[in-house]
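*Asks:*
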Amino acid sequence: MKNKIIAFFLGLLILSFAACKKDVAQDQYEVNPVKLYPSIGAKNKNKTQEQYVSILYTNLFQRALSGNQLVEIIDCLESIGDKELGREVLISNFMNDPQVVLPSDSVMRANPDVFTEQTYERFFVRKPSEAEKTWFRNFIEANPQLSAEMIYFAFALSNEYLYY
Numbered sequence: 255m256k257n258k259i260i261a262f263f264l265g266l267l268i269l270s271f272a273a274c275k276k277d278v279a280q281d282q283y284e285v286n287p288v289k290l291y292p293s294i295g296a297k298n299k300n301k302t303q304e305q306y307v308s309i310l311y312t313n314l315f316q317r318a319l320s321g322n323q324l325v326e327i328i329d330c331l332e333s334i335g336d337k338e339l340g341r342e343v344l345i346s347n348f349m350n351d352p353q354v355v356l357p358s359d360s361v362m363r364a365n366p367d368v369f370t371e372q373t374y375e376r377f378f379v380r381k382p383s384e385a386e387k388t389w390f391r392n393f394i395e396a397n398p399q400l401s402a403e404m405i406y407f408a409f410a411l412s413n414e415y416l417y418y
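Using our numbering, the first residue of the sequence shown is number 255, and each one after it goes up by one.
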């Protein structure tokens, strides 16, 4: 009889643990985490032209590029023989668009370290090293004519940006 009571309470205990569930809110949205690379050395795959254009557009405008626009841009880039010149022209055209999302120069100068971290994460999907932050801080402070647009242009044209 004693074994039956113990078995009953043990079964009841197991059922009570099985019935426990965490409540999930109805309006909760899951966001896939983005893996930040530890350094440039972790990037070893070259972006295709389509990937480059789509990612560049998303980084500069903070929204996705439509399929039709992507095809038009790729056709235009393929008509230019020099790939780097084509990228320069593309970035320049994007920067001249009034809808491009750029931080102001005053925000960049107010806190160069935060600006550098955000720019590295936005373009290179990694955190800058302390040496990179120090270099950029000194470079921004030493060049009053430098703008956030110029830095974004340089990041978009860099060799590291061609890899993921």
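Built from N, CA and C at the ideal position, the CB exists for glycine as well.
Would you report the Cα separation of S345 and A410, rounded to the nearest angstrom?
*Replies:* The sequence given here places Ile at residue 345; Ser does not occur at that position. Rounded to the nearest angstrom, the two C-alpha atoms are 7 Å apart.
*Asks:* Using the C-alpha atoms, what's the distance from E332 back to K301?
*Replies:* Near 15 Å, if we compare the C-alpha coordinates of E332 and K301.
*Asks:* Please give me, in chain order, every unbroken run of the beta strand (DSSP E) with length at least 3 that falls completely inside the region 305-335.
*Replies:* With a minimum length of 3 residues, no continuous beta strand (DSSP E) run stays inside the region 305-335.
*Asks:* Could you give the residue range of the alpha helix (DSSP H) that holds Q372?
*Replies:* Taken as a continuous stretch (DSSP letters only), the alpha helix (DSSP H) holding Q372 covers P366 to F378.
*Asks:* Apply the 10 Å Cβ neighbour rule to N286 and answer buried if 16 or more other Cβ atoms are within range, or exposed otherwise.
*Replies:* Per the 10 Å Cβ criterion, exposed.
*Asks:* Say whether the region 336-350 touches the region 371-383, bearing in mind that this needs 3 or more beta-carbon pairs closer than 8 Å, one atom from each stretch.
*Replies:* Contact fails: fewer than three Cβ-Cβ distances are below 8 Å.
*Asks:* Does the Cβ-Cβ distance between Y406 and L339 come in under 8 Å?
*Replies:* Contact flag unset, no.
*Asks:* Please state if the CB of L310 and the CB of V354 are separated by a distance shorter than 8 Å.
*Replies:* Taking 8 Å as the Cβ cut-off, V354 and L310 do not qualify as a contacting pair.
*Asks:* Is N300 helix, strand or coil by DSSP?
*Replies:* N300: strand per DSSP, three-state reduction.
*Asks:* Is it the case that the Cβ atoms of T359 and S401 are separated by a distance below 8 Å?
*Replies:* According to the sequence provided, residue 359 is Asp. The question's Thr does not apply to it. In this structure, S401 lies closer than 8 Å to D359 by Cβ.
*Asks:* Just tell me which of V368, P398 and Q399 has its CA closest to the CA of E386.
*Replies:* The candidate whose alpha carbon is nearest that of E386 is V368.
*Asks:* When burial is assigned at 16 or more other CB atoms within 10 Å of the CB, is T370 buried or exposed?
*Replies:* T370 comes out buried.
*Asks:* In this structure, how does DSSP classify Y417 when only helix, strand and coil are distinguished?
*Replies:* The answer is strand: DSSP assigns Y417 an E or B state.
*Asks:* Let's see if you can read the secondary structure: which residues bound the alpha helix (DSSP H) around K381?
*Replies:* Element bounds for K381: n/a, residue is neither H nor E.
*Asks:* Under the rule that 16 or more other beta-carbon atoms within 10 Å means buried, what is I259, buried or exposed?
*Replies:* By the 10 Å Cβ count, I259 comes out exposed.
*Asks:* By the 10 Å Cβ neighbour count, where 16 or more other Cβ atoms means buried, how is M404 classified, buried or exposed?
*Replies:* With fewer than 16 other Cβ atoms within 10 Å, it is exposed.
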